[in-house]
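**Student:** Pasting a structure below so you can have a look.
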Amino acid sequence: MEFIDLKQQQARIRDQIDARIAKVLEHGKYIMGPEIQELEEKLAAYVGSRNCITCSSGTDALLLPMMALGIGAGDEIITTPFTFIATGEMIALLGAKPVFVDIDPVTYNIDPALIEGAITERTKAIVPVSLYGQCANMEAINEIASKYNLPVFEDGAQSLGATINGRQSCSLSTAGATSFFPSKPLGGYGDGGAVFTDDEELATKMKQIRIHGQDRRYHHPLIGLNARMDTLQAAIVLAKLEIFDEEVQFRGQIGARYTELLKDSVTTPTLSPGNTSVYAQYTIQVEEREKVLGLLKESGVPTAVHYPVPLNLQPAFSHLGQGPGSFPLAEAAANRVMSLPMHPYLSAEEQDQVVEAVKKAVEQTGAPV
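Be aware that the sequence shown starts at 1, since it is given in our numbering, and climbs by one per residue.
See below:
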């Protein structure tokens, strides 16, 4: 059993992938080739955004809008401590300060009720993370941001394809960033990312920044990056995009079935009203996690932990002085969460095997729900 099985997906669309790659090899435009524009147009239409700017990774997709906004030393960016390092890393890389706000323990996403209390005269943006495939409460966050005239950049690295009241992740705020890392719901066969925005000025600056800050050849109004997406990766994502809607549907069905089968044994994911999830991870909570992980390994069930150490406890952010107890809900979740196998091609038989192994492990450890 695979934790994420990319082989079945590849077998399904191998001919389309081969044809897409062969076309790139034929025209030879490996940097900013025609597939880049095609992918950007199709993704913008999918998300419902005026602009899509592809880039070299989901991490750079977070960096680009902050650079375009001119965020730098002395600025503060409000975000969550319960996320992958990239979210806080890009803030710190620009010399700004990540200001962490604790999470809603039900959704694992940033708690909007705590954001306003963290805003200061130095606050320049809010960066919510749509964790595990479900969007943060963007409506509440946008309302607070509007009150203080702050941009909102959604970290949608795990949530492309998820919706709130029918609106797609990455189209819900000033800008939304996503990732095409291979394990993501829409992944390539290497690194890649994209930013979405309706703000034309912001889009223009991000397009310049991803190509060394240039607006035309050898003319550089801005300091930028080498942050282009490879044409070959764009070609692969284009092939996968053709089946993405169906895979999102499969993910939803598998996630719902997991929840139905496990709800009486462990703490299962909860969807907020009006939300759908792409279940980038299917994440549960258990007591005695290490024992449960060990028993599942013995049963042949692969697992992962996303994420065992919140950002405030990472050595890279020790200078902020926010030690254990600073964000009790995020820290509690980090000690209890674990992710189960999840991909669109997980069979009912495999899922049943996972469920039975989880139930048995929880019973053996005597851990309460």
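Positions of the beta carbon are idealized from the N, C-alpha and C atoms, including for glycine.
As the structure is a prediction and not an experimental result, all values here were calculated from the model.
In chain order, what residues of the same chain lie with their CB nearer than 6 Å to the CB of residue 247, ignoring the 5 residues before and after it?
**Tutor:** The answer, listed in chain order, is 344.
**Student:** Residue 168 by DSSP, collapsed to three states: which one?
**Tutor:** Note: residue 168 maps to strand in three-state DSSP.
**Student:** Express the C-alpha separation of residue 207 and residue 101 in angstroms, rounding to a whole number.
**Tutor:** Taking the straight line from one Cα to the other gives about 31 Å.
**Student:** Going by C-alpha distance, which of 311, 348, 317 is nearest residue 330?
**Tutor:** Cα-wise, what sits closest to residue 330 is 311.
**Student:** Quick check: the Cα distance between residue 213 and residue 296, rounded to an integer number of angstroms?
**Tutor:** Going from the Cα of residue 213 to the Cα of residue 296 covers about 49 Å.
**Student:** Could you name each continuous alpha helix (DSSP H) segment of 4 residues or more that falls completely within the segment 209 to 245, going from the start of the chain to the end?
**Tutor:** Here the runs fully enclosed are 231 to 241.
**Student:** Candidates 276, 78, 82: which alpha carbon is nearest residue 98's?
**Tutor:** Here the closest residue by C-alpha is 78.
**Student:** Go ahead and label residue 64 buried or exposed: buried means 16 or more other beta carbons lie within 10 angstroms of its beta carbon, across all protein chains shown.
**Tutor:** The residue is buried, with at least 16 neighbouring Cβ atoms inside 10 Å.
**Student:** If we call anything under 9 Å between Cβ atoms a contact, is residue 377 one with residue 47?
**Tutor:** As shown, the chain starts at 1 and ends at 369. That puts residue 377 outside it, with no answer to give.
**Student:** Work out the CA separation of residue 146 and residue 288 for me, nearest whole Å.
**Tutor:** Distance between the alpha carbons of residue 288 and residue 146: 42 Å.
**Student:** Find the nearest neighbour of residue 89 within the set 118, 53, 55, 127, judged by alpha-carbon distance.
**Tutor:** Nearest C-alpha to residue 89: 127.
**Student:** Here's the rule: buried if 16 or more other CB atoms are within 10 angstroms of the residue's CB, otherwise exposed. What is residue 169?
**Tutor:** Classification of residue 169: buried, given that the 10 Å Cβ count is 16 or more.
**Student:** Report the CB separation of residue 39 from residue 195 in whole angstroms; it is logged as a contact under 8 Å.
**Tutor:** Contact flag wrong, Cβ pair sits at about 13 Å.
**Student:** Starting from residue 146, trace the alpha helix (DSSP H) in both directions and tell me its first and last residue.
**Tutor:** It spans 138 to 148 - the alpha helix (DSSP H) in which residue 146 sits, taken as one unbroken run.
**Student:** Return helix, strand or coil for residue 189, following the three-state DSSP convention.
**Tutor:** Note: residue 189 maps to coil in three-state DSSP.
**Student:** Kindly indicate which residue of 180, 148, 91 has the alpha-carbon position closest to the one of residue 316.
**Tutor:** Here the closest residue by C-alpha is 91.
**Student:** Considering only the alpha carbon of each residue, which of 245, 57, 230, 124 lies closest to residue 156?
**Tutor:** The residue with the shortest Cα to Cα distance from residue 156 is 57.
**Student:** Specify the secondary structure class of residue 285 as computed by DSSP and reduced to three states.
**Tutor:** Note: residue 285 maps to strand in three-state DSSP.
**Student:** Look at the alpha carbon of residue 118 and the alpha carbon of residue 125, and state the distance between them as a whole number of angstroms.
**Tutor:** Between residue 118 and residue 125, the C-alpha separation is close to 11 Å.
**Student:** Alpha carbon to alpha carbon, how far is residue 228 from residue 55?
**Tutor:** Distance between the alpha carbons of residue 228 and residue 55 is about 5 Å.
**Student:** How many whole angstroms separate the CB atoms of residue 1 and residue 266, which I take to be in contact at a CB cut-off of 8 Å?
**Tutor:** That belief does not hold up - the Cβ atoms of residue 1 and residue 266 are roughly 19 Å apart, past 8 Å.
**Student:** Distance check for residue 204 and residue 215, CA to CA, integer angstroms please.
**Tutor:** Near 9 Å, if we compare the C-alpha coordinates of residue 204 and residue 215.
**Student:** Using only the alpha-carbon positions, how far apart do residue 49 and residue 33 sit?
**Tutor:** Going by the C-alpha atoms only, they are around 22 Å apart.
**Student:** Relative to the C-alpha of residue 95, which residue among 103, 113, 76 is closest?
**Tutor:** If we check each option's Cα against that of residue 95, 76 comes out closest.
**Student:** With distances taken Cα to Cα, identify the nearest neighbour of residue 19 among 162, 342, 234.
**Tutor:** Of 162, 342, 234, the residue nearest in Cα terms is 234.
**Student:** Look up residue 83 in the DSSP assignment and say whether it is helix, strand or coil.
**Tutor:** Coil, per DSSP.
**Student:** Taking DSSP as the reference, what is the three-state secondary structure of residue 121?
**Tutor:** Three-state result, residue 121: coil.
**Student:** Could you give the distance in angstroms between the alpha-carbon of residue 177 and the alpha-carbon of residue 293?
**Tutor:** The straight-line gap from Cα to Cα measures roughly 32 Å.
**Student:** If you measure between the beta carbons of residue 240 and residue 8, is that distance less than 9 Å?
**Tutor:** Their beta carbons are not under 9 Å apart, which means residue 240 does not touch residue 8 by this criterion.
**Student:** Applying the criterion that 16 or more other CB atoms from any shown protein chain within 10 Å of the CB defines a buried residue, is residue 231 buried or exposed?
**Tutor:** Under this definition residue 231 is a buried residue.
**Student:** With a threshold of 8 Å, are at least 3 pairs of Cβ atoms found where one atom belongs to the segment 242 to 262 and the other to the segment 347 to 367?
**Tutor:** The segment 242 to 262 vs the segment 347 to 367: in contact.
**Student:** Using C-beta distances below 6 Å, list every residue in its chain close to residue 183, excluding the 5 sequence neighbours before and after it, in chain order.
**Tutor:** Hits under 6 Å: 4.
**Student:** Rounded to a whole number of angstroms, what is the C-alpha to C-alpha distance between residue 83 and residue 131?
**Tutor:** Approximately 7 Å, taken between the alpha carbons.
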